[in-house]
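**Student:** Take a look at the following structure, please.
Chains as they are written, first to last, in this note's numbering: chain B, -4 to 483; chain P, -9 to 113.
What follows is the structure, encoded as structure tokens:
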């Protein structure tokens, strides 16, 4: 008997199992590809079912193995988890499609698919689990898989970048585990819900423990989600990864850690602590610095993928900014931005990857007039860039609007100014790319558009940008409900 | 005097923090990638010690219900740390594999030299 309550756990289990089956298929790669894509599709269906069920009848709590909390591990699928899981499954299906049909950049195809599946499983696990140690385990799986999908490219630069990412990521995990240990010390619980109940009575007695735990958590998640001074691994890692991996890492992985941090914040600590401890101010400052530093560093980049990577640092800042402003509209903006940035950055990374593969040019200064040879791909890049800047009519406008309104609601107009300023900065670093590609002398004539199957994901993502830009109402109830969950 | 006494009663936590700082310091100051990796492991060990010490009670027995035994050690942290150790091992194994590849490509294990060979500025 299938009940929708089983859908969340099925998502994780299916992805994990498929991740181990695909490399076992050996030479039958056609079968592996079909399995890879169909698992992605089934996961989208399951997360849609979960989302509808959550919207209809509230949070789904699933006790894994029939052992309820506090002793067992529970999956707690509230509106936030359902929304995140939906975003992850849809965007990653598009990337799966691209990875299968785009020209190979990776030698071990089956192994690459396996790593991507494991990464997806871990991401779904992170956003859905209700147990803090289980969250740690999923974070570790996703960290290892994320490093591995960079290293599979096998070039000098990608190995070096992935090693640095691995070391910093391990440092971040250490910080997280220390934070969990300190929280466990004062609560004696691992289930986030029970932890919150215990903390509501004991938090006042152990202010030092709590403060230290939060410090470690901020450092841990800050490294993993590339919050400003801790972002140093990101540009190299995202710029030197294979195309599909860059899209996956920039579009989803970085954000999953923010989601995890926010889930710990409101499920475990309760939002009151956000106001009592200086956490909110610290996050606001770091987020603003991320936005400014990411944009300024992006301006001086000539390598297109590095430019996109620095832009990710800035966008992570937006999401943190929205969550730490904590007014309803700011949080809605941050939640929108998780989806919209995933769409935009995936589109840009995939399209730029296509350009690099077709032409061999990696730098802005090399792509003079290339748009005449690849009109479709550059139309997609232009749309993505316009949306990044936040031109009305594109999806990027919606999330920036909500964030700016949220900043005004919080009575801190300076952050609205910051958002405007950084939009201008992103125009400064995205427009040279478009201008050089469209104007300037003609490129070599033998450069062609990619095959139709590769253009499909780009088209879908471009349509999504226009669709959410013009009609944002479709996901609105879900976003509202999530924002209420956090700000209540 | 009181401070010393408190340090003595919390000796495990103290050692854990000292180990953590040793690991962190080594990781930041040493150039050799293998030493960095060892430092990372020391840090992990420090956290494991801290976690296990939370559940420890001096004179406590393993939590198996037998007549006459009343003082138990909390088994949850130990069980968790078993998972933590496995994760740490897989991290180390993976990192070592990357170190081998790095040595193949760059011919050195010195992080400064690797950066110099790449010849790129790091922003």
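Even glycine gets a Cβ: it sits at the ideal position worked out from N, Cα and C.
Give the single residue among B:120, B:125, B:418 whose Cα lies nearest to the Cα of residue 138 of chain B.
**Tutor:** Nearest option by C-alpha distance: B:120.
**Student:** Using a beta-carbon distance below 9 Å, is residue 165 of chain B in contact with chain P?
**Tutor:** Judged by the 9 Å Cβ criterion, residue 165 of chain B is in contact with chain P.
**Student:** If the cut is a Cβ gap below 9 Å, which residues of chain P does residue 444 of chain B touch?
**Tutor:** Ordered by position in chain P, no residue passes the 9 Å Cβ test against residue 444 of chain B, which lies about 32 Å from the chain.
**Student:** Could you check what DSSP says for residue 70 of chain B in three-state terms: helix, strand or coil?
**Tutor:** In this structure, residue 70 of chain B counts as strand in the three-state DSSP scheme.
**Student:** What is the rounded straight-line gap between the Cα of residue 424 of chain B and the Cα of residue 294 of chain B?
**Tutor:** Residue 424 of chain B and residue 294 of chain B: Cα-Cα distance of roughly 5 Å.
**Student:** Determine, using beta carbons only, whether residue 353 of chain B and residue 443 of chain B come nearer to each other than 9 Å.
**Tutor:** Contact: yes.
**Student:** Looking at the unbroken beta strand (DSSP E) that takes in residue 105 of chain B, where does it start and where does it end?
**Tutor:** Careful: residue 105 of chain B lies outside any beta strand (DSSP E), inside the alpha helix (DSSP H) at 104 to 123.
**Student:** At least one CB of chain B closer than 9 Å to the CB of residue 15 of chain P: is that the case?
**Tutor:** With 9 Å as the cut-off, residue 15 of chain P does not count as an interface residue toward chain B.
**Student:** Straight-line CA distance for residue 336 of chain B to residue 125 of chain B?
**Tutor:** Approximately 26 Å, taken between the alpha carbons.
**Student:** Determine the DSSP secondary structure at residue 22 of chain P, reduced to helix, strand or coil.
**Tutor:** It is a strand residue.
**Student:** Three-state secondary structure (DSSP) at residue 407 of chain B?
**Tutor:** Note: residue 407 of chain B maps to coil in three-state DSSP.
**Student:** Taking a Cβ distance cut-off of 7 Å, strictly less, list which residues of the segment 29 to 49 of chain P are near chain B, in chain order.
**Tutor:** From the segment 29 to 49 of chain P, only 30, 33, 34, 37, 40, 41, 44 have a Cβ closer than 7 Å to chain B.
**Student:** Return the residue from the list B:449, B:45, B:389 that minimises the CA-CA distance to residue 461 of chain B.
**Tutor:** Selected option, being the one with the closest Cα: B:389.
**Student:** State the DSSP-derived secondary structure class of residue 298 of chain B, mapped to helix, strand or coil.
**Tutor:** Three-state DSSP puts residue 298 of chain B in a strand.
**Student:** For residue 2 of chain B, collect the residues of the same chain with a Cβ closer than 7 Å to its Cβ; drop the 5 residues on either side in sequence, then sort them by chain order.
**Tutor:** Only 41, 44, 45 meet the Cβ criterion.
**Student:** Is the number of C-beta pairs between the segment 59 to 74 of chain B and the segment 135 to 154 of chain B that are closer than 8 Å three or more?
**Tutor:** The answer is no - the segment 135 to 154 of chain B does not touch the segment 59 to 74 of chain B, with fewer than three Cβ pairs under 8 Å.
**Student:** Compare the C-beta of residue 154 of chain B with all C-beta atoms of chain P and state if any pair is closer than 9 Å.
**Tutor:** Taking Cβ atoms only, chain P reaches closer than 9 Å to residue 154 of chain B, which makes this a yes.
**Student:** Please list, in chain order, all residues of the same chain as residue 56 of chain B whose beta carbon is under 6 Å from its beta carbon, the five residues on each side excluded.
**Tutor:** Correct list, in chain order: 69, 71.
**Student:** Using the DSSP secondary-structure output, state which residues sit across from residue 361 of chain B in a beta bridge.
**Tutor:** None, per the DSSP bridge assignment.
**Student:** Hey, is residue 190 of chain B's beta-carbon within less than 9 Å of any beta-carbon in chain P?
**Tutor:** So no, residue 190 of chain B is outside the interface.
**Student:** What are the residues that DSSP puts in a beta bridge with residue 51 of chain P?
**Tutor:** The partner list for residue 51 of chain P (beta bridge, DSSP) reads P:62.
**Student:** At 4 residues or longer, and completely inside the segment 52 to 97 of chain B: list those alpha helix (DSSP H) runs for me, N to C.
**Tutor:** 74 to 96, all fully within the segment 52 to 97 of chain B.
**Student:** Report the rounded CA-to-CA distance for residue -3 of chain P versus residue 4 of chain P, giving the unit in angstroms.
**Tutor:** Between residue -3 of chain P and residue 4 of chain P, the C-alpha separation is close to 7 Å.
**Student:** For residue 113 of chain P, would you say it is in contact with chain B, using Cβ-to-Cβ distances shorter than 9 Å as the test?
**Tutor:** Its pLDDT being 40, under 50, residue 113 of chain P is placed unreliably by the model, and the measurement read from it follows with that caveat. Yes, because at least one Cβ of chain B sits closer than 9 Å to the Cβ of residue 113 of chain P.
**Student:** Would residue 68 of chain P count as contacting chain B if we go by Cβ distances under 9 Å?
**Tutor:** Cβ-Cβ to chain B under 9 Å: no for residue 68 of chain P.
**Student:** To the nearest angstrom, how far is the alpha carbon of residue 5 of chain B from that of residue 214 of chain B?
**Tutor:** Cα to Cα, residue 5 of chain B sits roughly 32 Å from residue 214 of chain B.
**Student:** List, in order along the chain, the chain P residues whose C-beta lies closer than 9 Å to that of residue 161 of chain B?
**Tutor:** In chain order: 81, 84, 85, 88.
**Student:** Kindly indicate the opening and closing residues of the alpha helix (DSSP H) around residue 336 of chain B.
**Tutor:** Run containing residue 336 of chain B: 323 to 354, per the alpha helix (DSSP H) assignment.
**Student:** Can you tell me which of B:257, B:103, B:113, B:206 puts its alpha carbon nearest to the alpha carbon of residue 177 of chain B?
**Tutor:** Among B:257, B:103, B:113, B:206, the Cα nearest to that of residue 177 of chain B is on B:206.
**Student:** For residue 164 of chain B, which three-state DSSP category applies?
**Tutor:** Helix, per DSSP.
**Student:** Helix or strand or just coil, what does DSSP make of residue 7 of chain B?
**Tutor:** Of the three classes helix, strand and coil, the one that applies to residue 7 of chain B here is helix, per DSSP.
**Student:** Just to confirm my understanding: we take residue 356 of chain B, look at its own chain, exclude 5 residues before and 5 after, and list those with CB closer than 6 Å. What are they?
**Tutor:** Once the five neighbours on either side are set aside, the close Cβ partners of residue 356 of chain B are 362.
**Student:** Just curious, the alpha helix (DSSP H) that residue 445 of chain B is in, first and last residue?
**Tutor:** Per DSSP, residue 445 of chain B belongs to no alpha helix (DSSP H) and is neither H nor E.
**Student:** Measure from the C-beta of residue 410 of chain B to each C-beta in chain P and report whether the shortest distance is under 9 Å.
**Tutor:** So no, residue 410 of chain B is outside the interface.
**Student:** Taking residue 72 of chain P as the query, report the chain B residues whose CB atoms sit under 8 Å from its CB, ordered along the chain.
**Tutor:** Within chain B, no residue comes near residue 72 of chain P; the closest Cβ sits about 11 Å away, beyond 8 Å.
**Student:** What would DSSP say about residue 186 of chain B, mapped onto helix, strand or coil?
**Tutor:** Note: residue 186 of chain B maps to strand in three-state DSSP.
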